[in-house]
Amino acid sequence: MQIDLIDTFLDLIETKSFNRTADRMGVTQSTVSARVKALEQALEARLFQRSRSGTDLTTEGLRFETHARMLRQEWTAARRAVAPSGEAALTLRMGIQNDLTSAHLGPLVAEFRRTLPQTAFYIEPDYSAQMCLDLVSGALDFALLYTPKPHPDLYFQTVGELAYRMVSSDTAHLAGVTPDRTVFAHFSPAFERAHREALPHLSEAPLSVGQTAAVVSLLEAMGGAGYVLDPAARAMVAGGRFRLVEDAPVLAQPVYAAMHLRNRTARLHRRLTRIVSRQLGFKG
């Protein structure tokens with residue numbers, strides 16, 4: 056199977072440029088042209104037309120796009136199905152938002168293993184945008200993320216909502232929190248907006264990071280204030296050096312289960328979604 060023809064077709068849809076696709080795929084422009092020609096000959100249809108605005112799909116190309124994405128997904132799934140996986144009957148590739156790993160990865164995977172003992176899990180902590188891309192390409196089967204990226208091939212379901220609390224080494228009151236002693240958290244675009252709207256005077260903080268572990272590390276090294284996941288906040292307070300900033304708002308971050316649209320009714324994916332919802336205490 057010449058999957059490189061499909062890959063070239065799908066990349067050209069994004070770039071609208073033979074030159075850019077050639078650069079991105081590490082081949083020559085003539086190779087891109089030859090692949091498109093070979094695909095068009097195989098389908099007996101013209102897929103692209105060139106204009107001043109770039110390279111666009113023809114009507115036949117638009118019709119083929121959905122099938123091309125399905126072919127790419129099937130090819131990735133087929134390669135994984137025949138890859139060695141020990142005694143496991145199935146290998147599931149799962150992405151998880153970086154900030155979920157410290158407090159939730161262990162309990163989640165433990166229940167996954169109890170429920171699906173014949174399944175091998177390949178787990179990759181990452182950020183939402185990359186996980187969405189990997190779900191579309193078939194590199195991931197299932198993901199837990201903070202920021203859904205709308206795509207016709209993806210399905211998202213809310214499975215929980217996590218609380219972030221502000222801790223400080225200096226004060227228990229918001230009036231004592233200053234930008235120069237704050238680590239501004241941007242765990243997701245939605246969280247960053249909520250943070251800026253709730254506490255606009257802190258948005259000028261000189262440090263900004265997107266992971267609870269990083270906020271904790273910075274605060275432990277330099278002191279100051281910042282938002283961290285509720286379990287991390289409680290652990291820091293229990294250590295005696297930090298206090299909860301009592302009048303700071305608790306900021307909520309929704310968590311979504313994400314999968315390819317074709318899997319939204321699959322039994323395996325529904326079971327995984329139920330487990331995550333139960334672990335995160337979601338009542339929706």
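The number in our numbering is simply the position in the sequence shown, starting from 1, with 55 added. Cβ atoms here follow ideal geometry from the backbone N, Cα and C, with glycine treated the same way. Fair warning: this is a prediction, and the values are worked out from it, not measured in the lab.
Using 10 angstroms around the beta-carbon of residue i, count the other beta-carbons present and answer buried if the total reaches 16, otherwise exposed.
{"i": "Ala77", "result": "buried"}
{"i": "Tyr177", "result": "exposed"}
{"i": "Phe297", "result": "buried"}
{"i": "His122", "result": "exposed"}
{"i": "Ala97", "result": "exposed"}
{"i": "Met277", "result": "exposed"}
{"i": "Val305", "result": "exposed"}
{"i": "Arg105", "result": "exposed"}
{"i": "Thr83", "result": "exposed"}
{"i": "Glu99", "result": "exposed"}
{"i": "Ala108", "result": "Checking the displayed sequence, the identity of residue 108 turns out to be Ser instead of Ala. Ser108 should be labelled exposed."}
{"i": "Ile151", "result": "buried"}
{"i": "Asp189", "result": "buried"}
{"i": "Phe173", "result": "For the record, residue 173 in the displayed sequence is Gln; it is not Phe. The residue is exposed, with fewer than 16 neighbouring Cβ atoms inside 10 Å."}
{"i": "Ser85", "result": "exposed"}
{"i": "Leu117", "result": "exposed"}
Among all the DSSP beta bridges, which residues are the ones paired with residue i?
{"i": "Asp181", "result": "Gln152"}
{"i": "Tyr219", "result": "Leu284, Leu306"}
{"i": "His315", "result": "Leu209"}
{"i": "Leu145", "result": "Thr174"}
{"i": "Ala198", "result": "Gly150, Ala313"}
{"i": "Thr237", "result": "Ala280"}
{"i": "Arg298", "result": "Ser223"}
{"i": "Ser72", "result": "Note: Ser72 sits in no beta bridge, so no partner."}
Please state whether the Cβ-Cβ distance between residue i and residue j is less than 7 Å.
{"i": "Val214", "j": "Phe337", "result": "yes"}
{"i": "Arg220", "j": "Asp285", "result": "yes"}
{"i": "Phe167", "j": "Met314", "result": "no"}
{"i": "Leu171", "j": "Met186", "result": "no"}
{"i": "Val283", "j": "Val270", "result": "yes"}
{"i": "Gly193", "j": "Thr131", "result": "yes"}
{"i": "Thr146", "j": "Pro180", "result": "no"}
{"i": "Gln212", "j": "Ala303", "result": "no"}
{"i": "Asp208", "j": "Arg148", "result": "no"}
{"i": "Pro234", "j": "Thr202", "result": "no"}
Our contact map puts residue i next to residue j with C-beta atoms below 8 Å; I'd like the distance itself, whole angstroms only.
{"i": "Leu126", "j": "Ile61", "result": "5 Å"}
{"i": "Asn153", "j": "Gln266", "result": "5 Å"}
{"i": "Val238", "j": "Gly295", "result": "Actually they do not touch by this definition, with Cβ atoms about 20 Å apart."}
{"i": "Val292", "j": "Leu299", "result": "6 Å"}
{"i": "Glu301", "j": "His228", "result": "7 Å"}
{"i": "Phe64", "j": "Val91", "result": "7 Å"}
The ligand ATP and residue i: does any heavy atom of the ligand fall closer than 6 Å to the residue's C-beta?
{"i": "Gln266", "result": "The ligand ATP is not part of the structure shown, which contains no ligands of any sort."}
Quiz item: Counting only runs that start and end within the region 87-118, where is the beta strand (DSSP E) found for 3 or more residues in a row?
Solution: Counting only runs of 3 or more residues that sit fully inside the region 87-118, the beta strand (DSSP E) segments are 103-106, 109-112, in chain order.
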